[in-house]
Amino acid sequence: MTVDGANPATEKRESPRRKILPYGDRHGDGMVQVSFTLELPDGPEAEEAGRQVMKLMGLTDPQIVSSEPLGPSFTFFVGYGKLLRPVDLDNLKVAKLPWEKLDPETINKMVRERLGRPIIVVGAATGTDAHTIGLDAILNYKGYAGDHGLEAYSAFRVVNMGSQVENRDLVAKARELRADAVLVSQVVTQRNVHISNLTALVELLEAEGLRDDVVLVCGGPRLSHALAVELGYDAGFGPGTKPSEVASYLVQEVLKRKGV
Amino acid sequence: MNSPGRLRLNLDPGTVAACHESGQAIAEKVWKELEGLSTVAVERAVARLFGIDGADSAGLPLPNVIVDALSRSGGLEDGVAIHLAKACLETGGEPQDVAEDVACGQLDFASIPDRPRRELEDKARELARRAIDRILDRRKEREELISRLGQSRQPWLYVIVATGNIYEDTIQARMAASQGADIIAVIRSTGQSLMDFVPYGPTTEGYGGTYATQDNFRLMRKALDEESEKLGRYIRLVNYCSGLCMPEIATMGAFERLDVMLNDAMYGILFRDINMERTLIDQRFSRMINGLSGIIINTGEDNYLTTVDAFHHGPQVLASEFINLHFARMAGIPDEQIGLGHAFQIDPWLESSLLYEISMALLVRQCFPNCPVKYMPPTVHKDGNIFFAHALDTMYNLVASLTGQSIHLVGMLTEAVHTPFLQDRFLSIQSAKYVREASRGLSDNFSLVPEELIEKRAQSLLQSAKEVLEHVKDTGLFAAIEEGVFAGVKRDRHGGRGREGVFKKSARYFNPFEEILSSRSKAF
Chain A
130 MTVDGANPAT
140 EKRESPRRKI
150 LPYGDRHGDG
160 MVQVSFTLEL
170 PDGPEAEEAG
180 RQVMKLMGLT
190 DPQIVSSEPL
200 GPSFTFFVGY
210 GKLLRPVDLD
220 NLKVAKLPWE
230 KLDPETINKM
240 VRERLGRPII
250 VVGAATGTDA
260 HTIGLDAILN
270 YKGYAGDHGL
280 EAYSAFRVVN
290 MGSQVENRDL
300 VAKARELRAD
310 AVLVSQVVTQ
320 RNVHISNLTA
330 LVELLEAEGL
340 RDDVVLVCGG
350 PRLSHALAVE
360 LGYDAGFGPG
370 TKPSEVASYL
380 VQEVLKRKGV
Chain B
18 MNSPGRLRLN
28 LDPGTVAACH
38 ESGQAIAEKV
48 WKELEGLSTV
58 AVERAVARLF
68 GIDGADSAGL
78 PLPNVIVDAL
88 SRSGGLEDGV
98 AIHLAKACLE
108 TGGEPQDVAE
118 DVACGQLDFA
128 SIPDRPRREL
138 EDKARELARR
148 AIDRILDRRK
158 EREELISRLG
168 QSRQPWLYVI
178 VATGNIYEDT
188 IQARMAASQG
198 ADIIAVIRST
208 GQSLMDFVPY
218 GPTTEGYGGT
228 YATQDNFRLM
238 RKALDEESEK
248 LGRYIRLVNY
258 CSGLCMPEIA
268 TMGAFERLDV
278 MLNDAMYGIL
288 FRDINMERTL
298 IDQRFSRMIN
308 GLSGIIINTG
318 EDNYLTTVDA
328 FHHGPQVLAS
338 EFINLHFARM
348 AGIPDEQIGL
358 GHAFQIDPWL
368 ESSLLYEISM
378 ALLVRQCFPN
388 CPVKYMPPTV
398 HKDGNIFFAH
408 ALDTMYNLVA
418 SLTGQSIHLV
428 GMLTEAVHTP
438 FLQDRFLSIQ
448 SAKYVREASR
458 GLSDNFSLVP
468 EELIEKRAQS
478 LLQSAKEVLE
488 HVKDTGLFAA
498 IEEGVFAGVK
508 RDRHGGRGRE
518 GVFKKSARYF
528 NPFEEILSSR
538 SKAF
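One line per chain: the protein sequences are A and B, in this order. Plus 129 on top of the position in the first sequence (first one is 1) and you've got this note's numbering. Plus 17 on top of the position in the second sequence (first one is 1) and you've got this note's numbering.
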């Protein structure tokens, strides 16, 4: 299917569609909403510069619908434009998540029957990061969005080390408890410090000869599975992850590695 | 102080009085146990109060150099004041000269001959009075600026800047003030709370925030003073008097005329795993300085609700507020400077969640009518959908206005995504300002229906808080924290960071500030 030049409203939609445009209020309109700030005083020059920004983004027919001064020398824009170059779905590389979603009873049963002991999980927010929101949501009994945390499963024994944990302390704890899995959370970041923290942990585990003994997982708002794998992790979980997703992954990966 | 107009909960005065009684007993018991102890941070603060500033050639701040030197030579348990007084008398120099000489190895405390006790104490008192006068001058300066320039009506809108670079921060802070913010907080670099020293000089690199240094305080104060003149209203400055350097940061804040400081009696213990004794001793001395400088402290109960469920844990927030209040009063802070904290964090999808929020917000307001209570925005239930987050903040803004909060921390639509962009702060301030002005007088037009959900909920929260407080009073605060009463976090009395910085005072121990400020606070 081609979108350029066609009238999308009358065109017969093929299934499965292999090319895709953003959707505003009708198929194929390519409408995109943007907002940004320019370091210019509000006025015609700023507005034209704003439209140019949107053109450089590849948007056709850029419209600035709101421009407001944020002080004497900054202007905030809200704009709409059309993105008419479709995304070719056939050429996408998508990191396939190597696990399937399981319900808590299944997870508990699998571990009870096949491993015969709980999976030992050590979690921490490492480096200077003081935020435990993500870690607590995944590990604590309460969980997140009605989905209980790993503590609520008989399948896991959870040690939550909290925030501002040094990588070396996390590794020492993993060794002490003979952990099956290590979970690292990185929430707040500036100038990509979360990346260096994460790679430093991988290096430390390798240096200590522990890397292959644990399933290593990271999570946080700036992380994805693809990025995690690139950094040397077994899996990564981004924003909105529910504890049951992490639980599903851990049980499948740990049982696979144990060959049970 | 702001008030919730005609919205009044029918609360049993006896229950409120019982909460105060327990809170006071808890704080007094703690202090009785800790009276004989001091910490390296308290002593470094005394050194700073005596005017010692700067760092040695290796970058170690001079207050640390002094405390480390005394620790090695064995005089620290007497307190730094006596030894600095002795060195000043011996050399005829100022404490700063003494510190510089110690730093470059030209002076050794151990080799200075002793003098009569009385002479040393008098010198220390003289140095202390100079520091107190310096602080009172800054306090007077603030009062004069406010009376000349005026200030916004409450709730005061409070926003955060956190670029990591103090020069960038000043640009953002001025912009936020011009957009309508009344209070600017410079968030600290993550991890500073666990550093056992305060970095020196202006800084341009930080993580998730900007280092709290005295130069950074000064630069931001200057920028906000200029902006205050331009806008014709006084803009307040906030920093964090928490972590391992509470008393030193209180001192720096006093010298640089900060207006508000985050200062919680238990936050460091619960959320930073700082040793209990260390934090409780440090908070006391830091609060004495905060009280003297006219700084409003903000307590951190809002943080409890980011780790435990806000619907079920209202009582421990309230209980903690009573404890924090009495710790602050014991350190000589008047209620008008005790900004107890709470938050709007109940699951927004819970039926009638808004009513529960109103109930809690009113309850806190009414229990502490003379305190400039600080209300914190939703964060837990924001997940990157900035449009929903903005809607949620709008409801929060309405509750803040309706229930007469004093300090209104403006929520950000991009919470859980990044530290706020310039435009995020603009949109959030715009919404908060709109709601504040549009709902002006709302609470004078309504009264609560007795025995309906809002009142019943508040009564039950108060009753439960009273029970929590009675339990803590019976077991003692240390044991209560060990069993995880607050925020579900358990800490060991003898564990945690910074414990090695706690020491037993000798019979010779002398801290002129303790002496002068304690007698001063009794006069309140």
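Just so you know, even glycine gets a beta-carbon here, dropped at the ideal spot from N, CA and C. If you're wondering where the values come from, they're calculated on a predicted model, not measured in any experiment.
- Counting only residues of its own chain and dropping the five nearest sequence neighbours on each side, residue 529/B has a CB closer than 6 Å to the CB of 98, 141, 142, 145.
- A distance below 8 Å between beta-carbons, with the five flanking residues on each side excluded, links residue 54/B to the following residues of its chain, in chain order: 294, 298, 519, 520, 521, 522.
- Taking a C-beta distance under 7 Å as the contact criterion, residue 315/B and residue 287/B do not qualify as a contact pair.
- Between the C-alpha atoms of residue 167/A and residue 209/A there is a straight-line separation of about 16 Å.
- Note on geometry: alpha-carbon atoms of residue 258/B and residue 368/A lie some 31 Å from one another.
- Closer than 9 Å at the C-beta level to chain A, one finds no residue of the stretch 49-82 of chain B.
- By the 16-neighbour rule on beta-carbons within 10 angstroms, residue 170/B is exposed.
- Between residue 205/A and chain B, the shortest Cβ-Cβ separation is below 7 Å.
- In terms of Cα proximity to residue 362/B, the closest of 322/B, 390/B, 209/B is 322/B.
- With 16 or more other CB atoms across the displayed protein chains lying within 10 angstroms of its CB, residue 341/B is buried.
- Taking the Cα positions, residue 390/B is about 33 Å away from residue 205/A.
- Contact annotation: residue 220/B and residue 66/B have beta-carbon atoms that are not nearer than 7 Å.
- For residue 200/A, the chain B residues whose C-beta falls within less than 8 Å of its own C-beta are 191, 192, 195, 196, listed in chain order.
- With fewer than 16 neighbouring CB atoms inside 10 Å of its own CB, residue 369/B falls in the exposed class.
- The CB of residue 401/B comes closer than 9 Å to the CB of 350, 368, 369 in chain A, given here in chain order.
- Sixteen is the threshold: since fewer than 16 other Cβ atoms of the shown chains lie within 10 Å of the Cβ of residue 75/B, the residue is exposed.
- Under the Cβ criterion of 7 Å, residue 328/A is not counted among the residues facing chain B.
- At a cut-off of 7 Å between beta-carbon atoms, residue 440/B makes contact with chain A.
- Counting other Cβ atoms within 10 Å of its Cβ, residue 209/B reaches 16 or more and is therefore classed as buried.
- One thing to note: residue 265/B has its Cβ no nearer than 7 Å to the Cβ of residue 235/B.
- At a beta-carbon threshold of 7 Å, the residues of chain A lying near residue 434/B are 350, ordered along the chain.
- Per DSSP, residue 18/B is not a residue of any alpha helix (DSSP H), being assigned neither H nor E.
- For the C-beta of residue 255/B, not a single chain A residue is nearer than 7 Å; the gap to the nearest is close to 18 Å.
- Separation of the CB atoms of residue 267/A and residue 348/A is rounded to 7 Å, and the pair is thereby assigned contact status at 8 Å.
- Note on geometry: alpha-carbon atoms of residue 86/B and residue 126/B lie some 8 Å from one another.
- The residue among 277/A, 309/A, 365/A, 255/A with its C-alpha nearest the C-alpha of residue 298/A is 255/A.
- Put simply, the stretch 282-291 of chain A does not touch the stretch 222-230 of chain A. Fewer than three CB pairs are less than 8 Å apart.
- For the pair residue 150/A and residue 213/A, the Cα-to-Cα distance works out to about 7 Å.
- Taking residue 204/B as the centre and dropping the five residues before and after it, the same chain places the C-beta of 177, 179, 226 closer than 6 Å to its C-beta, in chain order.
- Counting along the chain, residue 253/A sits inside the beta strand (DSSP E) bounded by residues 248-254.
- Under the rule that a run must span 4 or more residues, the alpha helix (DSSP H) segments found entirely inside the stretch 74-116 of chain B read 79-90, 97-108.
- C-alpha of residue 531/B to C-alpha of residue 174/B: approximately 34 Å in a straight line.
- Pairing residue 337/A with residue 383/A gives a Cβ-Cβ distance that is not under 7 Å.
- Distance between residue 375/B and residue 420/B, taken at the CA atoms: about 7 Å.
- When Cβ-Cβ separations below 7 Å define contact, residue 166/A makes contact with chain B.
- Interface annotation, residue 154/A: not in contact with chain B, CB-CB separation never under 7 Å.
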